[in-house]
Amino acid sequence: RFLATYNSLTDKHLVGYFSNARIRQHLQRSGLISRSGRIIPEKEYRLNAMRKDHQRYVQECLARAIFHKVLDMERHHQLEIKRKLEYSAKKERVQKIKVSLECCWRHIFLFFQEEQFRRSVEDAILMHSPHPPLGPRNHSGLHPLVAVDRAGRSQRRAPGLVVDYSGGHSSHQHRPKETAPSE
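In this note's numbering, the protein residues as written are 11 to 193.
See below:
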């Protein structure tokens with residue numbers, strides 16, 4: 011019974027031990043005495059210990075919540091970076107395809123312009139030439155004007171020029187004028 015009520019802080023034989031500065035700091039940090047040196051009663055000590063434990067628990071919960079929030083923010087940030095990189099790569103691929111298509115269309119357009127110019131030059135040469143073309147030129151095996159003439163559309167020829175494709179036997183040959191009978 012005596013040991014249950016014994017408090018070493020109130021023992022007069024230990025006053026010299028507890029007056030040591032290092033021991034006093036330890037007792038203050040442990041919550042057994044106040045800064046002024048007053049001994050903290052056991053009920054108050056247990057209440058303070060429970061408050062400290064609760065405060066430590068709340069701090070740990072906050073630290074965990076902050077840690078998880080930072081992890082989530084980092085994951086979100088990484089996903090955003092990944093999304094932007096994928097979008098950028100996709101945009102770059104689309105741009106390359108557009109440039110490639112523009113280049114193709116430009117080549118096709120230039121090819122057709124060149125082909126159209128070549129045909130108009132050939133047509134002009136043929137219209138003003140008394141000789142038929144020497145060989146086939148287009149996919150059907152005929153020069154464009156030869157094909158047109160064979161189709162019966164020889165209006166493209168310049169007036170006065172006659173191109174003979176029938177080997178000299180034209181059905182539209184001019185007959186010499188007959189002289190009127192003299193009296």
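Yeah, the Cβ is synthetic: ideal placement off N, Cα and C, and Gly gets one too.
Practice prompt. Would you kindly report the start and end of the unbroken alpha helix (DSSP H) that includes residue 27?
Written response: 25-28
Practice prompt. Look up residue 43 in the DSSP assignment and say whether it is helix, strand or coil.
Written response: strand
Discussion item. If you reduce the DSSP assignment to three classes, tell me which class residue 50 lands in.
Written reply: coil
Worksheet item: Going by beta carbon distance, what residues of the same chain come within less than 8 Å of residue 42, once the five residues before and after it are set aside?
Response: 19, 49, 50, 55
Item to complete: List the whole-angstrom C-beta distance separating residue 45 from residue 35, where the pair is believed to meet the contact cut-off of C-beta under 8 Å.
Response: Not confirmed; about 10 Å, so no contact.
Worksheet item: residue 17 by DSSP, collapsed to three states: which one?
Response: coil
Fill in: C-alpha distance - residue 162 paired with residue 124, whole-angstrom precision
The pLDDT assigned to residue 162 is 49, lower than 50, so where the model puts this residue is not dependable; a value taken from the coordinates is nonetheless given after this. Approximately 27 Å between the Cα atoms of the pair.
Worksheet entry | Distance between residue 110 and residue 99 (C-alpha atoms, nearest Å) | Those two C-alpha atoms are separated by around 16 Å.
Discussion item. Rounding to the nearest angstrom, what Cα-Cα distance links residue 53 and residue 63 in this structure?
Written reply: 15 Å
Discussion item. Measuring only the C-alpha atoms, how far is residue 73 from residue 79?
Written reply: 10 Å
Fill in: Length of the line joining the Cα atoms of residue 59 and residue 14
21 Å
Worksheet item: Based on Cα-Cα distance, which residue from 91, 30, 94 lies nearest to residue 47?
Response: 30
Worksheet item: What's the C-alpha gap between residue 40 and residue 71?
Response: 24 Å
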